[in-house]
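Scroll down for the structure; my scribbles are underneath it.
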Ligand SMILES: Cc1cc2nc3c(=O)[nH]c(=O)nc-3n(C[C@H](O)[C@H](O)[C@H](O)COP(=O)(O)O)c2cc1C
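In this note's numbering, the protein residues as written are 1 to 425.
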């Protein structure tokens, strides 16, 4: 498979990118909009921010413009509107409503919720909301008495009837010093809801089901000890999000060591497992009805027969462990030619040659070859020395790559491989 030129790659990126219209209103949680913008951008989404005038009292448009790399719109009638001096389109509210793929109101004040529920269009954000026709999400954030007020509840009900999905606030400590429901939903839940809304729209992988495995496994030695590895599932979770952003339904089989916050962000159905044997049976069940399998978990190759009681240290001067080879999940699925299968090969020597051998022997469509160097620990949000190989050769050469960027490439390759498989049928 040939490598794409820079311009071709940019064109593909542009086609893939979706735009989120983020409406920020004037509540104490407005500062969290910064993190929302950053996290959405990490998923390759463009973010266009519109703020109410009150929101600008809590947080500067400059901060959000810097993070979103776009001007932030705040004013329906900016100075000089309609003259050549003005950068803003005269009908910005209509353009904004037409150019985005999903509308997210976060944080949403009781005031703006009430206005939109009643069709009031008295500022740029509410005018845009009234002109909006696509998928819409509302994440309220306010004092619990404001949230529980029947008027607010009725307004949220109206928004729901208008097609808005509420990302419900959480219970907990509120900025006013009280506790109760009203704290803005976690950023992970907000990002996941946006990705799900995009997934439900037409995407390149729309209608496809992909199983992704993440994290490590734990093989018990006795009831209190285990053998494991340091996998965090970071690359797998980023792949899950990138696949979902292209419309795939993702089934995540989550092993051990995975950061729960990151996992919450991945828009996927999640099954939790601990051992290699549990991972195998969960994957076997999931792949029955799926189109692709990304086997990215670091599954133990060897497992002990666990002792039924805790091994006592005073009974052993040295302890010899007898380990049994676990069953290789991808090898066991080598006859599933209908399935796109992508694996990982992490090696401390001969990374490319060993990955090529595994690609061939296990009948994979692609493999991510990771060249492990002691000084470049490959765990978590770091760059890894990796290549991506397919049956046709080097899809991406071996070089240091940020995992988020690599995840985007893997999701893109999955779409290509699925298209190829479809054509072969
Ligand atoms: C310090 C402070 C914090 C506020 N926090 C909230 C809040 O979290 N949620 C809310 O609905 N209103 C909050 N308000 C009230 C809103 O700012 C007020 O209703 C305003 O009109 C909202 O304008 P907007 O909806 O156009 O942004 C707060 C007001 C102040 C002074």
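Ideal Cβ placement from N, Cα and C applies to all residues, glycine included. Note that the structure is a prediction, hence the values are computed from the model and not measured.
Query - Which listed residue (403, 154 and 281) has its alpha carbon closest to that of residue 118 - result: Numbered from 1 along the chain shown, position 118 holds the residue referred to as residue 118. Closest option to residue 118, Cα to Cα, is 154.
Query - Burial state of residue 320, where buried means 16 or more other Cβ atoms lie within 10 Å - result: If you number the chain shown from 1, residue 320 lands on position 320. Counting Cβ neighbours within 10 Å, residue 320 comes out exposed, since fewer than 16 surround it.
Query - the segment 345-356 contacting the segment 300-309, beta-carbon criterion three pairs below 8 Å - result: Contact between the segment 345-356 and the segment 300-309 is absent, because fewer than three Cβ pairs lie under 8 Å.
Report task. Report yes or no: do three or more beta-carbon pairs, one from the segment 266-279 and one from the segment 292-300, lie closer than 8 Å? Result -> Judged by Cβ distances under 8 Å, the segment 266-279 makes contact with the segment 292-300, as three or more pairs qualify.
Query raised in the report: With respect to the alpha helix (DSSP H) encompassing residue 290, which residues constitute its N-terminal and C-terminal limits?
Result: Residue numbering aside, residue 290 sits at position 290 when the chain shown is read from its first letter. If you look at residue 290, you'll find it isn't in any alpha helix (DSSP H); DSSP assigns it neither H nor E.
Requested in this report: Select from 328, 361, 197 and 161 the residue whose C-alpha is nearest the C-alpha of residue 104.
Outcome: Looking up residue 104 in the chain shown gives position 104. Closest option to residue 104, Cα to Cα, is 197.
Query raised in the report: At what residues does the beta strand (DSSP E) containing residue 51 begin and finish?
Result: One-based indexing of the chain shown puts residue 51 at position 51. According to the DSSP assignment, residue 51 belongs to the beta strand (DSSP E) that extends over 46-51.
Report task. Per DSSP, which residues does residue 213 bridge with? Please list them. Result -> Here the question's residue 213 lines up with position 213 in the chain shown. DSSP lists 253 and 295 as partners of residue 213.
Query raised in the report: Around the Cβ of residue 365, are there at least 16 other Cβ atoms within 10 angstroms (buried) or fewer (exposed)?
Result: Sequence index remark: in the chain shown, residue 365 carries index 365 (1-based). Looking at its Cβ environment, which holds 16 or more other Cβ atoms inside 10 Å, residue 365 is buried.
Query - Contact belief for residue 426 with residue 241 at Cβ below 8 Å, rounded distance in angstroms - result: Nothing about residue 426 can be reported from this structure: the residues present for the chain run from 1 to 425 only.
Query raised in the report: What does a CB cutoff of less than 6 Å around residue 426 pick up in its chain, not counting 5 residues either side in sequence?
Result: The requested residue 426 does not occur in the structure, where the chain is confined to residues 1 to 425.
Query raised in the report: Which residues count as close to ligand 1 when the rule is a CB under 6 Å from any of its heavy atoms, in chain order?
Result: Counting only beta-carbon distances shorter than 6 Å to the non-hydrogen atoms of ligand 1, the qualifying residues in chain order are 25, 26, 27, 28, 29, 52, 54, 55, 109, 110, 111, 112, 141, 142 and 146.
Report task. Would you identify the three-state DSSP class for residue 378, choosing helix, strand or coil? Result -> Walking along the chain shown from the start, residue 378 turns up at place 378. The three-state secondary structure of residue 378, taken from DSSP, is coil.
Query - Separation of residue 314 from residue 41, as counted between CA atoms - result: As a working mapping, residue 41 is identified with position 41 in the chain shown. As a working mapping, residue 314 is identified with position 314 in the chain shown. When rounded, the distance between both Cα atoms is 55 Å.
Requested in this report: Identify whether residue 394 lies in helix, strand or coil by the three-state DSSP scheme.
Outcome: In the chain shown, counting from the first residue as 1, residue 394 sits at position 394. It is a strand residue.
Query raised in the report: When burial is assigned at 16 or more other CB atoms within 10 Å of the CB, is residue 11 buried or exposed?
Result: Taking the chain shown and counting its residues from 1, the one referred to as residue 11 is at position 11. Note on residue 11: pLDDT 38, under 50, position unreliable in the model; the coordinate value appears next. By the neighbour-count rule (16 or more Cβ atoms within 10 Å), residue 11 is not buried but exposed.
Query raised in the report: How many Å lie between residue 72 and residue 20 at the Cα?
Result: Taking the first residue of the chain shown as 1, we reach residue 72 at position 72. Taking the first residue of the chain shown as 1, we reach residue 20 at position 20. Between the C-alpha atoms of residue 72 and residue 20 there is a straight-line separation of about 13 Å.
Report task. For residue 57, collect the residues of the same chain with a Cβ closer than 7 Å to its Cβ; drop the 5 residues on either side in sequence, then sort them by chain order. Result -> Position 57 of the chain shown holds residue 57. For residue 57, where only same-chain residues beyond five positions count, the Cβ hits under 7 Å are 26.
**Report entry** Assigned exposure category for residue 164 - 16 Cβ within 10 Å defines buried
**Finding:** Taking the first residue of the chain shown as position 1, residue 164 is located at position 164. Of the residues assessed, residue 164 falls on the buried side of the cut-off, its CB having 16 or more other CB atoms within 10 angstroms.
Query raised in the report: Helix, strand or coil for residue 72 per DSSP?
Result: Within the chain shown, numbered from 1, the residue matching residue 72 stands at position 72. Three-state DSSP puts residue 72 in coil, outside helix and strand.
Requested in this report: Would you mind stating whether residue 182 and residue 141 have Cβ atoms separated by less than 8 Å?
Outcome: Residue numbering aside, residue 182 sits at position 182 when the chain shown is read from its first letter. Residue numbering aside, residue 141 sits at position 141 when the chain shown is read from its first letter. In this structure, residue 141 lies closer than 8 Å to residue 182 by Cβ.
Requested in this report: Mind checking which residues open and close the alpha helix (DSSP H) that includes residue 329?
Outcome: Position 329 of the chain shown holds residue 329. DSSP places residue 329 inside the alpha helix (DSSP H), whose first and last residues are 329-332.
Query raised in the report: Nearest to residue 327 by alpha carbon, out of 281, 270, 338 and 146?
Result: On the chain shown, residue 327 is found 327 positions in, with the first residue counted as 1. Closest by alpha carbon: 281.
Requested in this report: Just confirm the distance between the C-beta atoms of residue 206 and residue 247, as a whole number of angstroms; I'd bet it's less than 8 Å.
Outcome: Numbered from 1 along the chain shown, position 206 holds the residue referred to as residue 206. Numbered from 1 along the chain shown, position 247 holds the residue referred to as residue 247. Separation of the CB atoms of residue 206 and residue 247 is rounded to 3 Å, and the pair is thereby assigned contact status at 8 Å.
Query raised in the report: Looking at C-alpha atoms only, which residue of 249, 262 and 211 is the closest neighbour of residue 283?
Result: Taking the chain shown and counting its residues from 1, the one referred to as residue 283 is at position 283. When the alpha-carbon of residue 283 is set against those of 249, 262 and 211, the nearest one is in 211.
Query raised in the report: What does a CB cutoff of less than 6 Å around residue 230 pick up in its chain, not counting 5 residues either side in sequence?
Result: As a first step, residue 230 must be located in the chain shown, where it is residue number 230. A distance below 6 Å between beta-carbons, with the five flanking residues on each side excluded, links residue 230 to the following residues of its chain, in chain order: 379.
Requested in this report: Tell me whether residue 169 is buried or exposed, calling it buried when 16 or more other Cβ atoms sit within 10 Å of its Cβ.
Outcome: For the purposes of this step, residue 169 is identified with residue 169 of the chain shown, where counting begins at 1. The residue in question, residue 169, is buried, as its Cβ has 16 or more Cβ neighbours within 10 Å.
Query - Proximity winner among 97, 108, 252 and 127, relative to residue 24 (alpha-carbon distances) - result: Numbered from 1 along the chain shown, position 24 holds the residue referred to as residue 24. Closest in alpha carbon position to residue 24, among 97, 108, 252 and 127, is 108.
Requested in this report: Note down, in chain order, each residue of its chain lying with its Cβ closer than 7 Å to the Cβ of residue 152, except the 5 sequence neighbours on either side.
Outcome: Counting from 1 along the chain shown, the entry for residue 152 is found at position 152. Taken in chain order, the residues that qualify are 110, 113 and 146.
Report task. Can you tell me which of 55, 238 and 251 puts its alpha carbon nearest to the alpha carbon of residue 259? Result -> One-based indexing of the chain shown puts residue 259 at position 259. Closest option to residue 259, Cα to Cα, is 238.
**Report entry** Distance, residue 390 Cα to residue 352 Cα
**Finding:** For this step, residue 352 is matched to residue 352 along the chain shown. For this step, residue 390 is matched to residue 390 along the chain shown. Distance between the alpha carbons of residue 352 and residue 390 is about 12 Å.
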